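Visitor:
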Amino acid sequence: MLAGRIGRIALLPLIAVLALLAACTSSTPAEQLPAASDLLAKSAAAMRTVKTAAIDIQVDQALNAIAVRRATGTLTAAGEAKGTATLAQGGTLAEFEFVIAGGDLYLKGPTGAYRKVPLVFAASIYDPSAILNPDKGVARLLSTTADAKTEARESVNGADAYRVRANLDQQAVSALVPGISGRVSGLLWLDAGTSRLVKAQLDVPTGNGSATAPATVTFSDYDAPVTITPPS
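Per the numbering used here, the sequence shown starts with residue 1, numbered consecutively.
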């Protein structure tokens with residue numbers, strides 16, 4: 001009996017310390033997340049200064065109104081680009097290599113050599129030359145959002161970023177992924193240090209009632225040296 005009482009008395013200081021720590025922890029407010037409007041304004045400004053970037057676009061197969069299924073490549077703010085794009089054609093997928101240089105578009109299909117086609121051809125399918133354009137590309141997308149809210153600060157693709165949910169302007173979205181129609185909302189991850197866009201997940205209407213499916217755009221290798229020339 002005495003030993004038990006002594007044991008309980010000995011525990012009292014420890015219990016008091018734990019209670020004090022709990023009180024201190026609960027009274028400390030969580031990190032205040034920056035306003036989405038400020039984050040988006042800074043990100044739009046940062047994206048207007050970007051000279052080059054690598055991009056990876058992935059489109060869910062449920063979005064059958066969008067021709068491009070996957071696209072990767074390197075872009076410049078001057079409108080040059082090179083990479084590959086997988087397009088849905090008549091129920092099958094075909095991979096194309098592309099180069100945009102000197103205002104011309106060069107395409108290479110699964111077989112054969114590169115051929116030059118009018119750059120306007122890309123506008124309705126996938127136009128990488130517009131993505132870093134400060135007036136109609138990513139910067140415009142970021143500056144035309146509505147009902148934006150900062151949801152979290154988290155790591156995405158190795159970057160410390162703020163996650164912002166927002167309604168997106170349909171015309172601005174089409175500069176990234178042509179073929180999108182209807183009201184689009186999505187998530188934007190903005191680098192906490194540089195304010196540049198790290199990733200965008202667009203919730204796109206499938207055309208089947210209220211259902212949506214994702215189109216994801218990921219950026220990396222900002223302002224890395226890039227040389228893009230017409231294919232020989």
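Idealized CB from N, CA, C, for every residue including glycine.
No experiment lies behind these values; they were computed from the predicted model shown.
What does the Cβ neighbour count give for residue 28, buried or exposed, with the cut at 16 atoms within 10 Å?
Guide: For the purposes of this step, residue 28 is taken as residue 28 along the sequence shown, with counting starting at 1. Reliability of the predicted coordinates at residue 28 is poor, the pLDDT of 30 falling under 50, and no value is obtained from them.
Visitor: Could you name the residues that DSSP lists as bridge partners for residue 199?
Guide: For this step, residue 199 is matched to residue 199 along the sequence shown. Paired residue(s): 189, 218.
Visitor: What is the residue span of the beta strand (DSSP E) that residue 115 lies within?
Guide: Numbered from its first residue, the sequence shown carries residue 115 at position 115. That run of the beta strand (DSSP E) goes 115-117.
Visitor: Any idea if residue 211 is buried or exposed, counting beta-carbon neighbours within 10 angstroms, 16 or more meaning buried?
Guide: The residue labelled residue 211 in the question sits at position 211 within the sequence shown. Residue 211 comes out exposed.
Visitor: State the CB to CB distance for the pair residue 221 and residue 71, rounded to an integer number of angstroms; the pair is presumed to be in contact (CB under 8 Å).
Guide: For the purposes of this step, residue 221 is identified with residue 221 of the sequence shown, where counting begins at 1. For the purposes of this step, residue 71 is identified with residue 71 of the sequence shown, where counting begins at 1. Not confirmed; about 15 Å, so no contact.
Visitor: Cα separation between residue 95 and residue 46?
Guide: By one-based count along the sequence shown, residue 95 stands at place 95. By one-based count along the sequence shown, residue 46 stands at place 46. Roughly 32 Å separates the two Cα atoms.
Visitor: Using C-beta distances below 7 Å, list every residue in its chain close to residue 193, excluding the 5 sequence neighbours before and after it, in chain order.
Guide: As a working mapping, residue 193 is identified with position 193 in the sequence shown. Excluding residues within five positions, the ones whose Cβ falls inside 7 Å are 160.
Visitor: Taking residue 102 as the reference, give the member of 81, 133, 68 with the closest Cα.
Guide: As a first step, residue 102 is located in the sequence shown; it is residue number 102 there, counting from the start. For residue 102, the nearest C-alpha among the options comes from 81.
Visitor: Whole angstroms is fine: what's the gap from residue 116's alpha carbon to residue 230's?
Guide: Residue numbering aside, residue 116 sits at position 116 when the sequence shown is read from its first letter. Residue numbering aside, residue 230 sits at position 230 when the sequence shown is read from its first letter. Near 10 Å, if we compare the C-alpha coordinates of residue 230 and residue 116.
Visitor: Which parts of the stretch 43-106 are runs of the beta strand (DSSP E), unbroken and 3 residues or longer, counting only runs that do not cross its ends?
Guide: If we require 3 residues or more, the beta strand (DSSP E) runs fully inside the stretch 43-106 come out as 52-59, 68-76, 81-89, 92-101.
Visitor: How many whole angstroms separate the CB atoms of residue 97 and residue 84, which I take to be in contact at a CB cut-off of 8 Å?
Guide: As a working mapping, residue 97 is identified with position 97 in the sequence shown. As a working mapping, residue 84 is identified with position 84 in the sequence shown. About 5 Å; that satisfies the 8 Å criterion.
Visitor: Just confirm the distance between the C-beta atoms of residue 148 and residue 166, as a whole number of angstroms; I'd bet it's less than 8 Å.
Guide: Sequence index remark: in the sequence shown, residue 148 carries index 148 (1-based). Sequence index remark: in the sequence shown, residue 166 carries index 166 (1-based). Residue 148 to residue 166, Cβ: 4 Å. Contact.
Visitor: Which residue wins for smallest C-alpha separation from residue 105, given the options 126, 92, 87?
Guide: Against the sequence shown, residue 105 aligns to sequence position 105. For the residues 126, 92, 87, the minimum Cα distance to residue 105 belongs to 126.
Visitor: Pull the bridge partners of residue 160 from the DSSP assignment, please.
Guide: Residue numbering aside, residue 160 sits at position 160 when the sequence shown is read from its first letter. Bridge partners of residue 160: 155.
Visitor: When you compare only the Cα positions, how much space is there between residue 248 and residue 227?
Guide: An answer regarding residue 248 cannot be provided, because it is not within the stretch 1 to 232 covered by the chain.
Visitor: By how many angstroms is the C-alpha of residue 76 removed from the C-alpha of residue 174?
Guide: For the purposes of this step, residue 174 is taken as residue 174 along the sequence shown, with counting starting at 1. For the purposes of this step, residue 76 is taken as residue 76 along the sequence shown, with counting starting at 1. In a straight line, the C-alpha of residue 174 is about 18 Å away from that of residue 76.
Visitor: Is the Cβ-Cβ distance between residue 168 and residue 190 less than 8 Å?
Guide: Working through the sequence shown from its first residue, we reach residue 168 at position 168. Working through the sequence shown from its first residue, we reach residue 190 at position 190. Contact flag unset, no.
Visitor: Kindly list the residues whose CB is nearer than 6 Å to the CB of residue 201, restricted to its own chain and excluding five residues on each side of it in sequence; keep chain order.
Guide: Position 201 of the sequence shown, counted from the start, is the residue given in the question as residue 201. Taken in chain order, the residues that qualify are 186, 187, 214, 216.
Visitor: In or out: residue 79 buried (at least 16 other Cβ within 10 Å) or exposed?
Guide: As a working note, residue 79 is residue 79 in the sequence shown. It is buried - the Cβ of residue 79 has at least 16 other Cβ atoms within 10 Å.
Visitor: Does the Cβ-Cβ distance between residue 50 and residue 203 come in under 8 Å?
Guide: Residue numbering aside, residue 50 sits at position 50 when the sequence shown is read from its first letter. Residue numbering aside, residue 203 sits at position 203 when the sequence shown is read from its first letter. Cβ distance not < 8 Å, so residue 50 and residue 203 don't count as in contact.
Visitor: Taking DSSP as the reference, what is the three-state secondary structure of residue 173?
Guide: As a first step, residue 173 must be located in the sequence shown, where it is residue number 173. The answer is helix: DSSP assigns residue 173 an H, G or I state.
Visitor: Is it right to say residue 52 is buried, meaning 16 or more other beta carbons lie within 10 angstroms of its own, or is it exposed?
Guide: Working through the sequence shown from its first residue, we reach residue 52 at position 52. Flag for residue 52 reads buried.
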